[in-house]
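One structure below.
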Amino acid sequence: MKKLKIRDTEEEFNVGKIVCVGRNYVKHAEELGNEVPKFPIIFLKPVSSLIQSGEKIEHPDYSEEMHHEVELVLLIGKDIKNANDNEAEEAIAGYAVGLDMTLRDLQNQFKSKGQPWTLAKVFDASAVVSDFISKDEVDVTKEKIYLKVNEELKQDSTLDKMIFNNIEIIKFISSKMTLEKGDLIFTGTPEGVGKVVKGDKISAGIGDNLRLETEIT
Ligand code: MG
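Positions in the sequence shown are counted from 1; adding 14 to them yields the numbering used here.
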């Protein structure tokens with residue numbers, strides 16, 4: 015069981031499922047040659063894939079192309095099903111910056127065969143999160159989101175460019191599966207994704223409040 019806390023609070027959350035949104039920025043959909051979706055594209059990561067800022071990512075030896083994807087992460091604070099706008103808003107307990115690390119070569123192979131790309135997304139340490147801050151502390155919805163590899167800026171956007179906002183994402187997911195306290199939602203990455211190799215150091219952030227660091231080994 016993995017546990018999370020919100021910065022400066024005592025309440026602990028047992029992490030449940032990790033729900034991820036694909037193609038939530040127009041320019042990222044375009045850079046991978048994908049259509050801009052009419053509904054959020056949803057996939058899952060197991061809790062075993064989760065690490066925190068400061069821990070390292072071991073590069074799987076069965077992939078030649080691991081990509082970074084920086085994303086806003088939502089922490090769900092209550093159980094909800096078929097949420098309306100209000101319930102969706104109230105269900106967000108906190109925010110983090112996260113990495114949805116992706117084995118792009120495997121993903122492309124699976125996509126070309128029409129097969130699920132689960133194995134491109136579930137390896138150990140493929141989900142990285144920073145500290146969480148309380149939603150009541152900061153409104154992050156218009157903040158900058160960025161990622162650097164070895165101090166070079168690779169991804170640089172703002173959260174208001176998300177195609178589906180936090181409320182729309184939560185409403186959509188909760189209409190298909192119950193969201194439970196402790197679940198995480200990775201809300202999709204802006205353009206600028208790219209390959210990382212062993213030895214690379216990644217830093218990423220949202221605004222001035224959320225920051226993470228990791229290294230590929
Ligand atoms: Mg992603």
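Using N, Cα and C, we set each Cβ at its ideal position, and we do this for glycine too.
All values reported here derive from a predicted model rather than from experimental measurement.
| request: Would you give the residue range spanned by the alpha helix (DSSP H) that residue 41 belongs to? | output: In the sequence shown, residue 41 corresponds to position 27, counting from 1. First-last of the alpha helix (DSSP H) with residue 41: 40 to 45.
| field | Beta carbon of residue 43 nearer than 8 Å to that of residue 35 | value | The residue given as residue 43 occupies position 29 in the sequence shown. The residue given as residue 35 occupies position 21 in the sequence shown. Not in contact: residue 43 and residue 35 (Cβ atoms no closer than 8 Å).
| task | For residue 39, count neighbouring Cβ atoms within 10 angstroms of its own Cβ and tell me buried if that reaches 16, exposed if not. | result | As a working note, residue 39 is residue 25 in the sequence shown. Looking at its Cβ environment, which holds 16 or more other Cβ atoms inside 10 Å, residue 39 is buried.
| request: Taking residue 73 as the reference, give the member of 171, 158 and 140 with the closest Cα. | output: Taking the first residue of the sequence shown as position 1, residue 73 is located at position 59. The shortest Cα separation from residue 73 among 171, 158 and 140 belongs to 140.
| task | Answer yes if the stretch 173 to 186 comes into contact with the stretch 115 to 123, meaning at least three C-beta pairs across the two stretches below 8 Å, and no otherwise. | result | No, because fewer than three Cβ pairs between the stretch 115 to 123 and the stretch 173 to 186 fall closer than 8 Å, the two stretches do not touch.
| Alpha carbon to alpha carbon, how far is residue 90 from residue 151? | Taking the first residue of the sequence shown as 1, we reach residue 90 at position 76. Taking the first residue of the sequence shown as 1, we reach residue 151 at position 137. Using only the alpha carbons, I get a separation of about 16 Å.
| Spatial distance of residue 20 from residue 147 (CA atoms) | Along the sequence shown, read from residue 1 onward, the residue named residue 20 stands at position 6. Along the sequence shown, read from residue 1 onward, the residue named residue 147 stands at position 133. Taking the straight line from one Cα to the other gives about 5 Å.
| message | Is residue 200 near the ligand MG - that is, is its Cβ less than 7 Å away from at least one heavy atom of it? | response | Indexing the sequence shown from 1 puts residue 200 at position 186. For residue 200, the CB falls within less than 7 Å of some heavy atom of the ligand MG.
| Own chain residues within Cβ distance below 6 Å of residue 172, not counting five before or after | The residue labelled residue 172 in the question sits at position 158 within the sequence shown. Apart from sequence neighbours up to five positions away, the residues of its chain that approach residue 172 with a beta-carbon distance below 6 Å are 158, ordered along the chain.
| Do the CB positions of residue 95 and residue 201 come within less than 8 Å of each other? | Locating residue 95 in the sequence shown gives position 81, counting from the first residue. Locating residue 201 in the sequence shown gives position 187, counting from the first residue. The answer is no: Cβ separation not under 8 Å.
| Going by C-alpha distance, which of 110, 190 and 134 is nearest residue 219? | The residue given as residue 219 occupies position 205 in the sequence shown. For residue 219, the nearest C-alpha among the options comes from 110.
| residue 63 to residue 133 span [Cα, whole Å] | Sequence index remark: in the sequence shown, residue 63 carries index 49 (1-based). Sequence index remark: in the sequence shown, residue 133 carries index 119 (1-based). Those two C-alpha atoms are separated by around 12 Å.
| request: Thinking residue 107 and residue 149 are a contact (beta carbons under 8 Å), I'd like their distance in whole angstroms, please. | output: As a first step, residue 107 must be located in the sequence shown, where it is residue number 93. As a first step, residue 149 must be located in the sequence shown, where it is residue number 135. The pair is a contact, with the Cβ atoms about 6 Å apart (cut-off 8 Å).
| message | Using only the alpha-carbon positions, how far apart do residue 225 and residue 47 sit? | response | Taking the first residue of the sequence shown as 1, we reach residue 225 at position 211. Taking the first residue of the sequence shown as 1, we reach residue 47 at position 33. In a straight line, the C-alpha of residue 225 is about 29 Å away from that of residue 47.
| Regarding residue 203 and the ligand MG, is the C-beta to nearest heavy atom distance less than 7 Å? | Locating residue 203 in the sequence shown gives position 189, where the first residue counts as 1. Residue 203 Cβ: within cutoff of the ligand MG.
| query | At a cut-off of 7 Å, is residue 91 close to the ligand MG when judged by its beta-carbon and the heavy atoms of the ligand? | reply | On the sequence shown, position 77 is the one that residue 91 refers to. Residue 91 Cβ: outside cutoff for every heavy atom of the ligand MG.
| field | Three-way DSSP call (helix, strand, coil) for residue 17 in this model | value | Here residue 17 is taken as the residue at index 3 of the sequence shown, counted from 1. Strand.
| message | Quick check on this structure: which residue in 83, 161 and 70 has the alpha carbon closest to the alpha carbon of residue 221? | response | The residue given as residue 221 occupies position 207 in the sequence shown. With distances taken between CA atoms, residue 221 lies nearest to 161 out of 83, 161 and 70.
| request: Compute the Euclidean distance between the alpha carbons of residue 18 and residue 97, then round it to the nearest angstrom. | output: Here residue 18 is taken as the residue at index 4 of the sequence shown, counted from 1. Here residue 97 is taken as the residue at index 83 of the sequence shown, counted from 1. Those two C-alpha atoms are separated by around 24 Å.
| Range covered by the alpha helix (DSSP H) that runs through residue 102 | Start at 1 with the first residue of the sequence shown, and residue 102 comes out as number 88. Run containing residue 102: 99 to 105, per the alpha helix (DSSP H) assignment.
| request: Verify whether the separation of the beta carbon atoms of residue 102 and residue 92 is less than 8 Å. | output: Taking the sequence shown and counting its residues from 1, one reaches residue 102 at position 88. Taking the sequence shown and counting its residues from 1, one reaches residue 92 at position 78. No, the Cβ-Cβ distance between residue 102 and residue 92 is not below 8 Å.
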